[in-house]
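2 protein chains.
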Amino acid sequence: MSAPGTKADGASGWLTVVGLGPGPEDWLTPEARRDLAEATDIVGYGPYVDRVPPGPQIRHASDNRVELDRARQALALAAEGRRVAVVSGGDPGVFAMAAAVFEALDDPAAPAAWHRVPLRVDPGVSAMQAAAARAGAPLGHDFCAISLSDNLKPWEVVTRRVRLAAEADFVIAFYNPISRARPWQLGAAFDVLREVRAPETPVILGQAIGRPDEKLIVTSLGAVDPAQADMRTVVIVGASHTRLIPRDGRQPWVYTPRSYRAPA
Amino acid sequence: MSAPGTKADGASGWLTVVGLGPGPEDWLTPEARRDLAEATDIVGYGPYVDRVPPGPQIRHASDNRVELDRARQALALAAEGRRVAVVSGGDPGVFAMAAAVFEALDDPAAPAAWHRVPLRVDPGVSAMQAAAARAGAPLGHDFCAISLSDNLKPWEVVTRRVRLAAEADFVIAFYNPISRARPWQLGAAFDVLREVRAPETPVILGQAIGRPDEKLIVTSLGAVDPAQADMRTVVIVGASHTRLIPRDGRQPWVYTPRSYRAPA
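First to last, the sequence lines map onto chains A and B. In terms of the numbering used here, the first sequence opens at residue 1 and continues consecutively. In terms of the numbering used here, the second sequence opens at residue 1001 and continues consecutively.
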């Protein structure tokens, strides 16, 4: 029995890791849309698979936190001749599925056929960029992006990075700030920052930006409550020279000037 | 005399800072395409204005390094009732025009009418994301983005940040690595990194990625020559655990695993 699109020699298969952007199809690139349409199989975390525009593709939706299994499944399908789109929210290259696919490929136990699969990555708009756009231009100067998940790295590495990033006076974007299994990490990261940065430092919480229920909060390092964030939030903490512009009846704009003078 | 779309009361004007992505229309979001089509005026650096799909819009192309003038012109046009798209390559929020527009708005001398202009930012795929996608997944773990231009910040701030970023073991993306007026900065940044990172550390040079003449070089911190970069290059330097996967007849894939153990 042969599924549609399968070739016995596997020669026609490919694997593309596709960034869906942060939410709406309005941020889905033409490249990503075309690769999704040409795929025979969609592989990904359930909520992302659900966001793929309707089509005849076979959908392999999986649970969260099984990225490597998903990557292996995708490589195996492509090696069999399927045209496989592995989908990620945002940019698949930023804390997402692209690294997992290369980890699976780099496993010494990976079949040689996997190395012959034509492999590509379609970049996309990442969550911090969407939140930044809604808030103004907080990422307009040097910045860093740190995942607060300590599932895959020791917490001491996270705090050390947060401290060095604060000393470097980077704008900081936190991915994976909080979850039921990791309730205290964001508060601990704010505590580290408070030792270096002023309480007035602008803090942006961008929740599900681009989705119908998106929410943007502009607050400060002194006032922010970690409970204002959830799994779908990206947190951006300003640098010492990040500024606010008041707006009538709305949250202020937040931007980081391109010019920099070190704080006195 | 009234140009098309002008309203005497200025009520219909708007200003949107539009990210064109790194090059091809394949990476231009539907949102950006629509806003460009609805604009009466396109404002931007000449080569970016040239990339806007053909249409009846008035094109105000300006020279490089006049970002603030351009931002003021755009705000003034929008306050007069024009529908203005300020265009940037990549993501306008990342080392690009969005910050300049907010700087112009934040000037105490800015007319009150500028504050009434409906203002939006359309995010886009930034150059480091395009280069990362072509190379594999080098940004798959914590990373930072640093502009090497010392036009707007003291060089000591740049070197301090590069050193702290290396100590934090971030993957590092360098924007504006080199130009005729700034020929030595990239080499100096590599020298700082060589004091902390191993010579085998992967280095990616992504030149004009997405354009017809794009070029991707994968090399190492020990071997890289700053002369391999130019104004249209983004440079990505790996973290201590960034890895290579050999490919037959092509440059190796570069990826940074999601899992991290601090180097011994």
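Where a beta carbon is used, it is the ideal one built from N, C-alpha and C, also for glycine.
Close Cβ partners of residue i (< 8 Å) along its chain, the five nearest in sequence each way excluded
i	result
A/Met1	Here the model assigns A/Met1 a pLDDT of 37, short of 50, so the residue's position is not dependable, and the following value carries that caveat. Once the five neighbours on either side are set aside, A/Met1 has no close Cβ partner at all.
B/Leu1186	Leu1148, Phe1174, Pro1177, Ile1178, Pro1226, Ala1229, Val1235
A/Leu139	Met128, Gln129, Ala132, Val171, Ala173, Ile236, Thr256
A/Val196	Arg163, Ala166, Glu167
B/Asp1050	Ala1061
B/Glu1103	Leu1068, Ala1071
B/Val1192	Thr1159, Val1162, Arg1163, Ala1166
A/Gly55	Leu36, Ala37
C-alpha gap between residue i and residue j, whole angstroms
i	j	result
B/Gly1210	B/Pro1022	6 Å
A/Asp63	A/Val162	30 Å
B/Asp1150	A/Phe143	16 Å
B/Arg1160	B/Arg1194	14 Å
A/Val43	A/Ala145	26 Å
A/Lys7	A/Gly81	Confidence at A/Lys7 is low in this model, with a pLDDT of 43, below 50, so the placement of that residue should be treated as unreliable; the coordinate-derived value is given next. Spanning the two alpha carbons is a distance of roughly 5 Å.
B/Asp1069	B/Asp1106	14 Å
A/His115	B/Ile1245	9 Å
B/Ala1003	A/Leu28	Model confidence at B/Ala1003 stands at a pLDDT of 45, short of 50, so the residue's coordinates are unreliable and nothing is read from them.
A/Arg180	A/Tyr45	18 Å
A/Ala99	A/Ser88	11 Å
A/Gln57	A/Ala39	7 Å
B/Ala1239	B/Arg1134	18 Å
A/Pro154	B/Asp1169	13 Å
A/Asp213	A/Pro47	15 Å
A/Ala71	B/Gly1090	28 Å
A/Leu152	A/Arg182	13 Å
B/Pro1111	A/Val66	54 Å
A/Thr247	B/Met1097	It should be pointed out that residue 247 of chain A corresponds to Arg in this sequence rather than to Thr. If you take the alpha carbons of A/Arg247 and B/Met1097, they lie about 20 Å apart.
A/Pro24	A/Arg34	16 Å
B/Ser1126	A/Ser126	10 Å
B/Ala1188	B/Arg1243	24 Å
A/Gly249	A/Pro108	58 Å
A/Leu119	A/Ala76	12 Å
Residue interval of the beta strand (DSSP E) (run including residue i)
i	result
B/Thr1256	Where B/Thr1256 is concerned, there is no enclosing beta strand (DSSP E), given that its DSSP letter is neither H nor E.
B/Pro1246	1243-1247
A/Val84	83-88
B/Ala1145	1143-1147
B/Ala1181	Taken as a continuous stretch (DSSP letters only), B/Ala1181 belongs to no beta strand (DSSP E), as it is neither H nor E.
B/Leu1221	Neither: B/Leu1221 is in no beta strand (DSSP E) and is coded neither H nor E.
B/Val1094	Premise fails: B/Val1094 is in no beta strand (DSSP E) and is neither H nor E.
B/Phe1174	1171-1175
Identified DSSP bridge partners for residue i
i	result
B/Gly1233	In the sequence as presented, Gly is not what sits at residue 1233 of chain B; that position holds Thr. Answer is B/Gln1207, bridged to B/Thr1233.
B/Phe1102	Its beta-bridge partners do not exist; DSSP assigns none.
A/Ser62	A/Tyr45
B/Leu1015	B/Val1084, B/Leu1119
B/Pro1202	B/Ser1220
B/Gly1023	DSSP, once it has assigned bridges, lists no residue as partnering B/Gly1023.
A/Arg250	A/Arg247
8 Å contact criterion, which residue i and residue j should meet: CB distance rounded
i	j	result
B/Val1158	B/Leu1148	6 Å
A/Val203	A/Val101	So it is not a contact: roughly 33 Å between Cβ atoms.
B/Pro1030	A/Asp26	5 Å
B/Ala1037	B/Leu1020	13 Å between Cβ atoms; not a contact.
Spatial neighbours of residue i in its chain, beta-carbon cut-off 6 Å, leaving aside the 5 residues before and after
i	result
B/Asp1136	In the sequence under discussion, the amino acid at residue 1136 of chain B is Gly, which differs from the Asp named in the question. So the list reads Trp1253, Val1254, Tyr1255, once near-sequence residues are dropped.
A/Gln207	Lys215, Arg232, Thr233
A/Ala74	Leu15, Val43, Val84, Val86
A/Ala95	As written in the sequence, residue 95 of chain A is Phe, which differs from the Ala given in the question. Contacts found: Ser147, Tyr175.
A/Trp184	none
Own chain partners of residue i with C-beta closer than 7 Å, once the 5 adjacent residues on each side are dropped
i	result
A/Gly93	Val121, Pro123
A/Ala78	Gly13, Trp14, Leu15, Val84, Val117
B/Tyr1260	His1141, His1241
A/Arg258	Gly140, His141
A/Pro199	Ser220, Leu221, Gly222
B/Val1224	Phe1190, Val1203
A/Val218	Ala135, Pro202, Ile204, Gln251, Pro252, Val254
A/Arg59	Ile42, Val49
Test: residue i CB closer than 8 Å to a CB of chain C
i	result
B/Ile1245	Considering every chain present, this structure includes no chain C. Its protein chains are A and B.
Start-to-end residues for the alpha helix (DSSP H) that takes in residue i
i	result
B/Asp1069	1067-1079
B/Thr1159	1155-1167
B/Ala1037	1030-1038
B/Ala1131	1127-1135
Residue i beta carbon near the ligand COA (any heavy atom closer than 7 Å)
i	result
B/Arg1059	The ligand COA is absent from the structure shown, which contains no ligand whatsoever.
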